Structures are given as structure tokens and as C-alpha cells.
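A short worksheet on the structure shown next.
Residue numbers (my numbering): 843 to 1093.
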């Protein structure tokens, strides 16, 4: 079985047995995929007591937890995990069965082919990105707080790796080409530019990630595309599904 859900932001309460009773029939050969903003690898100083408890709790679940990265991840720590091969693609293993599916990979899972590509632009940075080493950091932070302007702090709550590199995008192209540009499922955090317009008109700005995913959308045959990021549950069209709190079975 494969289930899929949206952003967690380190809140994994939806995986309690009372909310997700289907897990009673699941084993480690069954999967739950999170469409980014997993948040389980977040603490700046390394794995603290709370984080260790959460990751051990997920590891103790009967299923295997998989996730693509979102924009709210600590990429300094996430990318420090060793890169391993798993089911045909590259991963970071947070625990043996809590696994980060890297960008531009094609995995063979439960007889299905799954293309993964995490990342997105942060929307909560109207006040900009503050640099902790800036001599005016405290003054700027105080001014933004007084004006109630949302901001992020580099390497504390924001990382440039939220958007893909050229190498990651090119690896995705190569891996899709090796599979004849056809997969069963696509799992991302944000969506293609044209899909984003359907969600919010001009309310969302296109960027390098949505433009790349638009290229993938135009050149890849797929059955279903699942994504998160926009904090809603919505069937955008017959092929593309936006997920937030919902957990749905896809295989």
C-alpha cells in the first residue's frame, strides 16, 4: 500500500492510530509519503530530545515514512546525511524507515514508478532575509517585529537550497529520460507554473522551481501528480492533487 499526505511542519499527529487507523493493516513494506515541509530535521544545533522522540516515534510505526523536502527544512542538516541508494533513487535515511527522497529521482515502489522533486519558494518573507552576522541584525529584527512583517533568518529559518540547483534539475531530466519520460506518479512540494495559476491566479509568483516543474509537466507522461505547499486539500484537475492534512491511498 502507498498513502500520501501534505505538509507536516514537524506535527505528526495525523499519524496517530486513532486518526489513521489504516496503519493497523500495514507493514514496513507499505509507505506513507509526505509532500514536503516534513520538518523532522529542523533543530539548528542537531537532533535534540524532542526531535529524537519524534523520529523514533515515526520509526516505530508499522509503515515506512517517505518525504520530499519542502521549503521549510533545515537543509544544512538534511544534506549532511549520507546519500544512499534506495529502490532505484538517491535518499537520505533519517532512520532506517524514515527516508528523504532526493530531488530528480525515479523510485520503484510497490510496482509503481515515482518521480520526486522537492523544494519551493517561501511565501512568508515580505520582510526579507536577515543575516545573523549583519551588525544591524538586532535593529532590523526589532523593526520588522514592530511592523509585524514576516521575515526569515539565513541558516536559521531559511536556506537558499529551498530552490533547486541546475545540477538537481539536470539530474531529474536525465532520470526521466532514462524512463522514457513516463512515470506513474509525480510527487513534489510546489507545482508547475500553470497549475499554480489555477490555484491562485496572480497571487503566486512563478520561480525557477515552478518553471522547471512546468517543463516536466509538458514533457512527461504521468497518471497522477501530488503536491503540498499551498495548505489546502483540492483536486486541481483529473491528474493533479493538492494535499494538506488529508491522507489518501494511491496504491
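For each residue, glycine too, the CB sits at the ideal point set by N, CA and C. Every value quoted in this text rests on a predicted model; they were computed, and no experiment measured them.
query, result
"Taking DSSP as the reference, what is the three-state secondary structure of residue 979?", "helix"
"Taking Cβ positions, are residue 987 and residue 971 nearer each other than 7 Å?", "no"
"Quick check on DSSP: helix, strand or coil for residue 943?", "strand"
"Which residues in the same chain as residue 828 place their Cβ atom closer than 7 Å to its Cβ, once the five residues preceding and following it in sequence are excluded?", "Lying before the first or after the last residue shown, residue 828 is absent from the chain, which here runs from 843 to 1093."
"Pick helix, strand or coil for residue 972, following the three-state DSSP scheme.", "strand"
"What residue does the beta strand (DSSP E) around residue 1072 start on, and which one ends it?", "Premise fails: residue 1072 is in no beta strand (DSSP E) and is neither H nor E."
"Do residue 1071 and residue 1032 have their beta-carbon atoms positioned less than 7 Å apart in this structure?", "yes"
"Can you give the Cα-Cα distance for residue 961 and residue 1028, rounded to whole angstroms?", "14 Å"
"In the DSSP assignment, find the beta strand (DSSP E) that holds residue 1054 and state where it starts and stops.", "Run containing residue 1054: none in the beta strand (DSSP E); it sits in the alpha helix (DSSP H), 1050–1061."
"Is the separation between the beta-carbon of residue 992 and that of residue 966 shorter than 7 Å?", "yes"
"Nearest-angstrom Cα distance between residue 1041 and residue 1078?", "7 Å"
"In terms of residue numbering, what span does the beta strand (DSSP E) encompassing residue 958 cover?", "954–959"
"Between the stretch 938–951 and the stretch 1040–1059, are three or more C-beta pairs nearer than 8 Å?", "no"
"What is the rounded straight-line gap between the Cα of residue 1085 and the Cα of residue 1051?", "18 Å"
"For residue 1017, is the classification buried or exposed, using 16 other Cβ atoms within 10 angstroms of its Cβ as the cut-off for buried?", "buried"
"Output the boundary residues of the alpha helix (DSSP H) element that contains residue 937.", "First-last for residue 937: 931–937, but that is the beta strand (DSSP E), not the alpha helix (DSSP H)."
"Would you check if the distance between the CB atom of residue 1019 and the CB atom of residue 1035 is smaller than 7 Å?", "no"
"With a threshold of 6 Å on Cβ separation, who are the neighbours of residue 1064 within its own chain once the five nearest residues in sequence on each side are excluded?", "1025 and 1028"
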